[in-house]
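To keep things clear, I will list the structure first and then write my remarks on it.
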Amino acid sequence: MTTTSRPYYRHGSPLSVFNPAQGFAANAPMMQRIDVGDSSDDEIPPPMKFSALTRALLDRAPQLKIVRKSSPTHSQTATSPRIVSVTKRNPSSSRHTERYASSRETTPALEFVTPAPASRSTRSSASRSASNPSPALDHIDHDASQNFGASQYDASTRHMPPSTINKTRHASAESSAHPGSVRVKRAPGAFLRGAPVRRGFRRRESDDNVSPHDGSAPLSESQSQPDHEEEPAYSAGRTSRADSANADSAAVSRHDFARSRDHSRDVSAPSKRDTSIDPHRVASRTSTRAPSMERPARRPSVEPHKRERSDSRAASNHGEGLAQRRASNDHMASRPAPEYQRQTRPTSSAQHDAIEDQENIPPPTFKRDRHHDFKYLGKPEKIALHSRSQPVEETPMSVSTHQSPRRALTAISNNTPVRPAPPPPPKMSVLDAATKTAGASTTKSKKRRQHILINGKLFTQMNKVGKGGSSDVYCVMAENYKLFALKKVKLEDCDESAMRGFKGEIDLLEKLADVDRVIRLFDWELDNEKQILSVLMEKGDQDLNRILTIALNGTDPKFDPVLTRFYWKEMLECVQAVHDYDIVHSDLKPANFLSVQGKLKLIDFGIANAIDIAHTVNVHRDSHIGTPNYMSPESILDTNAPTPGSERTSNNGSRLMKIGKPSDVWSLGCILYQMVYGRPPFAHIANQISRIMAITNSKVVIEFPDRGVGGVTVPSALKGTLRRCLQRDLHARPTVKQLLSLSDPWLYPDVGNAVAMNEDLLAQIIDKVVERCKDPKRGIPSPDEVKQYPASFMSKIREMVERDGVVG
Ligand SMILES: Nc1ncnc2c1ncn2[C@@H]1O[C@H](COP(=O)(O)OP(=O)(O)OP(=O)(O)O)[C@@H](O)[C@H]1O
1 MTTTSRPYYR
11 HGSPLSVFNP
21 AQGFAANAPM
31 MQRIDVGDSS
41 DDEIPPPMKF
51 SALTRALLDR
61 APQLKIVRKS
71 SPTHSQTATS
81 PRIVSVTKRN
91 PSSSRHTERY
101 ASSRETTPAL
111 EFVTPAPASR
121 STRSSASRSA
131 SNPSPALDHI
141 DHDASQNFGA
151 SQYDASTRHM
161 PPSTINKTRH
171 ASAESSAHPG
181 SVRVKRAPGA
191 FLRGAPVRRG
201 FRRRESDDNV
211 SPHDGSAPLS
221 ESQSQPDHEE
231 EPAYSAGRTS
241 RADSANADSA
251 AVSRHDFARS
261 RDHSRDVSAP
271 SKRDTSIDPH
281 RVASRTSTRA
291 PSMERPARRP
301 SVEPHKRERS
311 DSRAASNHGE
321 GLAQRRASND
331 HMASRPAPEY
341 QRQTRPTSSA
351 QHDAIEDQEN
361 IPPPTFKRDR
371 HHDFKYLGKP
381 EKIALHSRSQ
391 PVEETPMSVS
401 THQSPRRALT
411 AISNNTPVRP
421 APPPPPKMSV
431 LDAATKTAGA
441 STTKSKKRRQ
451 HILINGKLFT
461 QMNKVGKGGS
471 SDVYCVMAEN
481 YKLFALKKVK
491 LEDCDESAMR
501 GFKGEIDLLE
511 KLADVDRVIR
521 LFDWELDNEK
531 QILSVLMEKG
541 DQDLNRILTI
551 ALNGTDPKFD
561 PVLTRFYWKE
571 MLECVQAVHD
581 YDIVHSDLKP
591 ANFLSVQGKL
601 KLIDFGIANA
611 IDIAHTVNVH
621 RDSHIGTPNY
631 MSPESILDTN
641 APTPGSERTS
651 NNGSRLMKIG
661 KPSDVWSLGC
671 ILYQMVYGRP
681 PFAHIANQIS
691 RIMAITNSKV
701 VIEFPDRGVG
711 GVTVPSALKG
721 TLRRCLQRDL
731 HARPTVKQLL
741 SLSDPWLYPD
751 VGNAVAMNED
761 LLAQIIDKVV
771 ERCKDPKRGI
781 PSPDEVKQYP
791 ASFMSKIREM
801 VERDGVVG
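Going by the UniProt record's numbering, the sequence shown opens with residue 1, and the numbers climb by one from there.
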């Protein structure tokens, strides 16, 4: 799309009324707003009347050109020469050559330079001719631009290759075809009112952007960059374009035009290209733009002084403008061609004529099918509805449906109430939220990460692993990442006996430091200020109480002889280790056996003591002793039945009792009983006092059922071990050393010549003996023969076990 000054008015054309004699100047805004680029320009003008001299020259020359140069008074305006070229060979083409004078005629003969009438800025539908498949029209376009003298062009046009004009226009006109052209209604009534009636105008993107792939002539750098040149308000060298814009935004009447001109600065909407030039300015305009002007319409008018300034800027900023054009060209080239630009262009003259004929029908701007319209423009329907809701007649601005959704939304938001504020952003990042621990866990986490110094060595306190009657046990990590157990004993509530007990425990642990079956003591520290005794020990995995709880309280618990035997032997090993040091633990219970890497170890020597020569030891017990389930009768009797005046009362009032190694054996027997039957021997007695009385009362018989947990048969050897350990007579109890001996049938059932026996096997043996006795031939067996029977039967049973794997 381009604008050229055309001094020629068709005879009889409504535009002919605008001549200087009638007060209309070529540069009058109204004139600039008139776009004669419509197809009406293509009408064949009436034949010209030539003088005699002219006709003589025409007769002489094979071809004649009449060039009308602008008059001096109009030369400063954008007045272009009018070149009339007459070609003899093809008279019919005069129609076109009259519109687009060509200097490339191969045989120019004569040229008449005639003063051009008052020029008017017109918007030439050069693209139409450029898009015309006719080669003649193509070169005519080019030549026409070449013939425009420098003085006749504004500054911007001067720097632009002539083809720019054609290129700019042809793509839009051809690709968008009917809806995009400027329409000047030539209704007689409208012209009588003094101005052509603008039926509608659509400025499309294709007017400014030329797709390099739309099949037209190759684009030069300038050709593809008319945008910055065309905007008078924001870039230099846009006079031509500004004229075009003025024409685009033609008002219906002079009154309308004047109004639009008065408010041109305020109400003019920048074209879409403006956003690429200065988004801020566009945004500011958008904010003040009336709803009807939300579309980037062309300026209704451009004041003359502004155009002059644009012209001067065009000259000085040509280099900059060129760079902008290049950048814009790259940008536009990278943009996908809109759908309408990909429309099939007519290639035949018939098609071209069909397009030309469309000017005679009402412009489709106001009667176009909505869906078709926006399919054609590639715009959302919502935007189209909004845009078209603005009646053209009520605004001096041209209303176009060509607007970006962004602009439409902006305008809508300006007219809508303030939207509710969005929800506040999250106060913390996703990572913070994911890693955050809230509430008590945070406190615990901080405590876990507490650093502790024990005799100058730094440890990191971690989780708590156990809790006793007077202490808490934590897992701590040394600087070498090894884990230890730290037992923290609160001494503030402890009396002297308790303090003595803790001191005795440390002494014993230091004494048993080399004993593998005793938890190892590494270090200890007494904090007198905080009254805390810290004991750093080897860390165990879990105590036997937890192991038994899991095994006995699980689903379908069953007595497991193998596992029981294993832990029984482990416990014996631990107790044997301390008994070897003549130390009585005196508080054996499952919780004091700790599993460390599969091996049980003893902990909690708080009331343990070295034994005296009499194999008894004075043990100080206070009230904090827990459940009596594992307490031996002698320890209970001594505790519960002190004899007045006896030595069983200590100086500080605590109970004093003499207990020895047999007491630990009783306690071991209680633990074994629990493993077989699921509970200690007297745990079924709910009342605590009754339970203690039952333990000490020799008349209360301890039951040893044949079936253990889950109905599993309890081996006789196991029951034998239980019966021996749980004797109230401490002297009758076996020692730990005996329980560990290879002769123990429970711990070592297959040791020696012993074989497993059951009732079936025994019945077979008895049947054999009876049969032998009933044999009349052999008679009653002799005494010597009877003496051989045991060895004979044992041999056969072993053979049977080895052969069949089972007895019987
Ligand atoms: N070295 C250790 N490694 C792992 N856990 C331990 C360790 N020492 C103790 N525990 C856990 O802590 C619990 C209490 O320990 P301990 O019996 O020594 O404390 P206590 O205050 O003496 O208890 P009690 O009231 O029986 O005298 C144990 O049952 C065990 O689960």
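Note that beta-carbon positions come from the ideal geometry of N, C-alpha and C, so glycine has one too. Just so you know, these numbers come straight off a predicted model, no measurement behind them.
When every heavy atom of ligand 1 is checked, does at least one fall within less than 7 Å of the C-beta of residue i?
i      : result
Val465 : yes
Met537 : yes
Lys487 : yes
Leu594 : yes
Ser667 : no
Asp516 : no
Ile689 : no
Ala591 : yes
Val575 : no
Ile532 : no
Asp664 : no
Ile452 : no
Asp604 : yes
Ser471 : yes
Asp543 : yes
Ile519 : yes
Gly598 : no
Gly468 : yes
Gly504 : no
Gly456 : no
Can you tell me the Cβ-Cβ gap for residue i and residue j, rounded? I've got them flagged as a contact below 8 Å.
i      : j      : result
Cys475 : Lys539 : 6 Å
Glu525 : Ile454 : 5 Å
Lys511 : His579 : In fact, because the Cβ distance is near 13 Å, the residues do not count as touching under 8 Å.
Glu586 : Asp664 : Residue identity check: residue 586 is Ser in the sequence provided, not Glu. With 8 Å as the limit, Ser586 and Asp664 qualify as a contact, their Cβ atoms being about 7 Å apart.
Asp541 : Val596 : 6 Å
Ser667 : Lys719 : Between Lys719 and Ser667 the Cβ distance is about 18 Å, and since that is not below 8 Å, they are no contact.
Take residue i and list the residues in its own chain whose beta-carbon comes closer than 8 Å to its own, dropping the five residues that flank it on each side.
i      : result
Met499 : Leu491
Gln738 : Asp744
Val709 : Leu552, Pro557, Lys558, Phe559, Val676, Tyr677, Gly678
Arg772 : Arg778, Pro781
Ala577 : Leu512, Val515, Asp516, Arg517, Val518, Leu602
Between which residues of its own chain and residue i is the CB-CB distance below 6 Å, once the five residues before and five after are set aside?
i      : result
Glu505 : Phe605, Gly606
Ser743 : none
Phe793 : Ile765
Phe522 : Leu536
Lys796 : none
Ala485 : Val473, Met537, Lys539
Is it buried or exposed for residue i, if we count other Cβ within 10 angstroms and need 16 for buried?
i           : result
Gln674      : buried
Lys601      : buried
His684      : exposed
Ser534      : buried
Arg723      : exposed
residue 836 : In the structure as shown, the chain starts at 1 and stops at 808, and residue 836 therefore has no counterpart that could be examined.
Val770      : exposed
Met631      : buried
Gly598      : exposed
Arg419      : exposed
Glu634      : buried
Pro426      : exposed
Gly469      : exposed
Phe566      : exposed
Ala791      : exposed
residue 814 : Residue numbering for the chain in the displayed model covers 1 to 808; residue 814 lies beyond these limits and cannot be assessed.
Thr721      : buried
residue 809 : Here the chain has residues from 1 to 808 only, and residue 809 is not among them.
Using beta carbons (cut-off 8 Å, strictly below), is residue i in contact with chain C?
i      : result
Lys599 : Absent here is chain C; the protein component of the structure consists of one chain.
Please go through the same chain and pick out, in chain order, the residues whose beta-carbon is closer than 7 Å to the beta-carbon of residue i, but skip the five residues on each side of it.
i      : result
Phe682 : Asn629, Arg691, Ala694, Ile695
Arg520 : Ala513, Met537, Glu538
Pro749 : Ala717
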